[in-house]
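Engineer: Got a structure for you, written out below as structure tokens; questions coming shortly.
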Ligand code: TYD
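Numbering (my numbering), first residue to last: 348 to 705.
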């Protein structure tokens, strides 16, 4: 299991000022609509009055598709502000941390679930055994638990070390998920690669023996062995790759600063906090970071105190270069920012390698 050692208290991260709204990215909205559609088609079809639960349901971006079709649903979302948005749209949501006792309460009130989903949530929860036990309790004997998170194989292959930050307690692999959930009677029955968040994996789990196991599971496990994800030297090489990436990014920013170029950050992502502090980037390197999320604007980046400004600042007066911190949304952003490029702007990217691209 790849995990951070020092874990902040979840109550200090998921509260009424939670800064991330799932609905901010258009591509992610489409992705969650597809995710919901696959659950309806592959799991719920033909079931009488099914019931679905989403862990970490945020502003209801995924659950609204179930709500729209009158499917019984419940979101579990401890961050009050984002949960309020979902409730405002009629999506049933409770603001508590999920564990075995909450699972018991949910079963008492609604009966067991046919499907439990979680997207970019499981890797945030330090008490993995507590959640796994809760899932086991909440799930019907023929139900499924489907979750997706950034994938260790992609992080290592792309040197995307910025996936490592306070909220990401775990960076899962097929191997670690198989073993962690087996202890709770849950079997990995499918593992499906996703392009979201720079490379993710969707894991499908079911009570042991209840469903056929896809050949993809063994294939992915073999790929992980081939990639060396079970060997320490792979992570020593990863560390060296991170250091090389840092050196190149710092050199690139220094060279631009020496030429008097104006550089802004694009996307005040959580990931950027790791890059900025690991590379020692300061407001002298990057004047500001542009972000469309109101709650992040007019604040300072953690550690380096680079100002976060509304997107309108970026669009009003394009910088010479934009450091693409939201690289996981690169396609969507590059489609949108043709004006920046037409004005002579260039992107600085650092995943999978540091380079300047028009
Ligand atoms: P996110 O993808 O959640 O990354 P992380 O998990 O590392 O925080 O965050 C994307 C951020 O980028 C979010 O704050 C919104 C911002 N953003 C923009 O400012 N403009 C855009 O066009 C997009 C797609 C995102």
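Heads up, the beta-carbon is just placed ideally off N, CA and C, and yes, glycines get one too. In this text the structure is predicted, and so the values were computed from the model without any measurement.
Could you spell out where the alpha helix (DSSP H) holding residue 522 opens and where it closes?
Structural biologist: Here the alpha helix (DSSP H) through residue 522 covers 521-529.
Engineer: Helix, strand or coil for residue 401, going by three-state DSSP, please let me know.
Structural biologist: Three-state DSSP puts residue 401 in a strand.
Engineer: Check the DSSP bridge columns for residue 548 and list the partner residues they point to.
Structural biologist: Its beta-bridge partners are 496, 540.
Engineer: Roughly how many angstroms lie between the CA atoms of residue 351 and residue 395, to the nearest whole one?
Structural biologist: Between residue 351 and residue 395, the C-alpha separation is close to 42 Å.
Engineer: Using DSSP bridges, identify the partner residues of residue 637.
Structural biologist: DSSP, once it has assigned bridges, lists 613, 656 as partnering residue 637.
Engineer: So what's residue 487 in DSSP terms, helix, strand or just coil?
Structural biologist: Residue state, collapsed to three classes: strand.
Engineer: Is residue 676 near the ligand TYD, with its Cβ less than 7 Å from a heavy atom?
Structural biologist: Yes, the ligand TYD has a heavy atom inside 7 Å of this Cβ.
Engineer: Looking at residue 628 and residue 366, is the spacing between their C-beta atoms short of 8 Å?
Structural biologist: Result no, Cβ atoms of residue 366 and residue 628 do not sit closer than 8 Å.
Engineer: Report the option in 625, 653, 573, 432 whose CA atom is closest to the CA atom of residue 634.
Structural biologist: With distances taken between Cα atoms, residue 634 lies closest to 653.
Engineer: With a cut-off of 8 Å on the beta carbons, I'd call residue 467 and residue 678 a contact; round off their distance for me.
Structural biologist: Residue 467 to residue 678, Cβ: 18 Å. No contact.
Engineer: Which first and last residues belong to the beta strand (DSSP E) in which residue 421 is found?
Structural biologist: From DSSP, the beta strand (DSSP E) with residue 421 extends over 419-423.
Engineer: Please classify residue 544 as buried or exposed, where buried requires at least 16 other C-beta atoms within 10 Å of its C-beta.
Structural biologist: So residue 544 counts as buried.
Engineer: Which partner residues does residue 518 have in the DSSP bridge list?
Structural biologist: Paired residue(s): 349.
Engineer: Return yes when at least one heavy atom of the ligand TYD lies under 7 Å from the C-beta of residue 686, else no.
Structural biologist: It does not: the Cβ of residue 686 is nowhere closer than 7 Å to a heavy atom of the ligand TYD.
Engineer: Give every residue of the same chain whose Cβ lies closer than 7 Å to the Cβ of residue 532, excluding the five residues on either side of it in the sequence, and list them in chain order.
Structural biologist: Hits under 7 Å: 483, 554, 555.
Engineer: Quick check: what's the CA-CA separation for residue 507 versus residue 480?
Structural biologist: Roughly 31 Å separates the two Cα atoms.
Engineer: Grab me the residues of residue 330's own chain with a C-beta within less than 6 Å of its C-beta, minus the 5 sequence neighbours each way, in chain order.
Structural biologist: One cannot answer for residue 330 here, as it falls past the ends of the chain, which runs 348 to 705.
Engineer: Does residue 375 come out as helix, strand or coil in the three-state DSSP assignment?
Structural biologist: The answer is helix: DSSP assigns residue 375 an H, G or I state.
Engineer: Take residue 439 and list the residues in its own chain whose beta-carbon comes closer than 7 Å to its own, dropping the five residues that flank it on each side.
Structural biologist: So the qualifying residues of the chain are 420, 421, 422.
Engineer: With a cut-off of 8 Å, do at least 3 Cβ pairs link the region 517-524 to the region 590-601?
Structural biologist: No contact exists between the region 517-524 and the region 590-601.
Engineer: Examine the ligand TYD and report whether any of its heavy atoms sits within less than 7 Å of the Cβ of residue 424.
Structural biologist: Flag unset: Cβ of residue 424 not near the ligand TYD.
Engineer: Rounded to whole angstroms, what is the Cα-Cα separation between residue 551 and residue 461?
Structural biologist: Their Cα atoms are separated by approximately 13 Å.
Engineer: Is residue 508 helix, strand or coil when you go by DSSP?
Structural biologist: Helix.
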